[in-house]
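> Can you read through this structure? Questions will come right after.
Residue numbers (my numbering): 23 to 279.
Structure below.
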């Protein structure tokens, strides 16, 4: 399905209204077989409740699928809704990746910025009390279930990425590593959001000195793992982007049935 131009314009105008919230990919089905259609929404919201956005090329830098068969760039058309619709040619585990373009954010007040930094224990310039400007970028992925024993570890494919170290569909403890610019994201707070028919949970974890962390994934339901990095820009980048900070958001989703 494709939505009309007027609705696309609406989403473009209002996309920044939810900029401080989570962005994640959410699929219709999390186990794929060759010949089936992968359908996924780009969701923006909080606590796994959000609005589904259509595909917008203006906001998309990269969109691709990785399996043992290799790397496949995905091409969508503006207005596609759900945003991502692709027929797959593999039945094993595979990964869907989405990287947004950089977007600009002007905070409404300093308090909102502080609340954001507190949520993820982020460092910021304590001397600068002005209402900050920020550029932000999203790095999101889904791990899809597949045939038994088809799990494989990927290399880092995004600048900021949560990388599975074991198969979350076959293990009650999901092992992950987080990388930023090809280096481990060490000693950082991350948040795991979870929901099923029985309710919603939000748990805090912390990576170790290798960027490694174990997640309790024993329950059936939808998991969203979220990590955020906040970089204080140097003078040259402040002038370039007209911003004080650059935030990167990494997310990983999967659903256990």
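Backbone N, C-alpha and C fix where the C-beta goes; we use that ideal spot for every residue, glycine too. Here the structure is a predicted model, which means the values were calculated and not measured.
From residue 207 to residue 160, what distance separates their C-alpha atoms?
On the chain shown, residue 207 is found 185 positions in, with the first residue counted as 1. On the chain shown, residue 160 is found 138 positions in, with the first residue counted as 1. Residue 207 and residue 160: Cα-Cα distance of roughly 16 Å.
> Where does the unbroken beta strand (DSSP E) through residue 262 begin, and where does it stop?
Taking the chain shown and counting its residues from 1, the one referred to as residue 262 is at position 240. It is not in any beta strand (DSSP E) - residue 262 instead sits in the alpha helix (DSSP H) that spans 257–263.
> Suppose you measure from the CA of residue 105 to the CA of residue 83; what does that come to, to the nearest Å?
For the purposes of this step, residue 105 is identified with residue 83 of the chain shown, where counting begins at 1. For the purposes of this step, residue 83 is identified with residue 61 of the chain shown, where counting begins at 1. Between residue 105 and residue 83, the C-alpha separation is close to 14 Å.
> Return yes when the Cβ of residue 162 is within less than 9 Å of the Cβ of residue 273, no when it is not.
Translated into the one-based positions of the chain shown, residue 273 becomes position 251. Translated into the one-based positions of the chain shown, residue 162 becomes position 140. Against a cut-off of 9 Å, the Cβ pair of residue 162 and residue 273 comes out as a contact.
> Once you ignore the five residues that flank residue 229 on each side, which residues in its own chain have a CB closer than 7 Å to its CB?
Within the chain shown, numbered from 1, the residue matching residue 229 stands at position 207. Contacts found: 200, 207, 208, 209, 210, 212 and 235.
> What residue does the alpha helix (DSSP H) around residue 48 start on, and which one ends it?
Along the chain shown, read from residue 1 onward, the residue named residue 48 stands at position 26. Where residue 48 is concerned, there is no enclosing alpha helix (DSSP H), although the beta strand (DSSP E) it sits in stretches over 44–49.
> Checking 9 Å against the spacing of the C-beta atoms, do residue 49 and residue 69 come in under that value?
Looking up residue 49 in the chain shown gives position 27. Looking up residue 69 in the chain shown gives position 47. Their beta carbons are not under 9 Å apart, which means residue 49 does not touch residue 69 by this criterion.
> Using the C-alpha atoms, what's the distance from residue 153 back to residue 94?
Here the question's residue 94 lines up with position 72 in the chain shown. Here the question's residue 153 lines up with position 131 in the chain shown. Cα-Cα distance, rounded: 41 Å.
> Look at residue 241 and residue 256 and say whether their C-beta atoms are less than 9 Å apart.
Position 219 of the chain shown, counted from the first residue, corresponds to residue 241. Position 234 of the chain shown, counted from the first residue, corresponds to residue 256. Contact: no.
> Whole angstroms is fine: what's the gap from residue 259's alpha carbon to residue 146's?
Translated into the one-based positions of the chain shown, residue 259 becomes position 237. Translated into the one-based positions of the chain shown, residue 146 becomes position 124. Taking the straight line from one Cα to the other gives about 16 Å.
> So within the stretch 110–162, which uninterrupted alpha helix (DSSP H) runs reach at least 4 residues, ignoring any that extend past its ends?
132–142
> Could you have a look at residue 79 and say whether DSSP puts it in helix, strand or coil?
Locating residue 79 in the chain shown gives position 57, where the first residue counts as 1. Three-state DSSP puts residue 79 in a helix.
> Start and end of the beta strand (DSSP E) containing residue 192?
Along the chain shown, read from residue 1 onward, the residue named residue 192 stands at position 170. Element bounds for residue 192: n/a, residue is neither H nor E.
> So which of 194, 220 and 141 has the shortest CA-CA distance to residue 226?
Locating residue 226 in the chain shown gives position 204, counting from the first residue. Cα-wise, what sits closest to residue 226 is 141.
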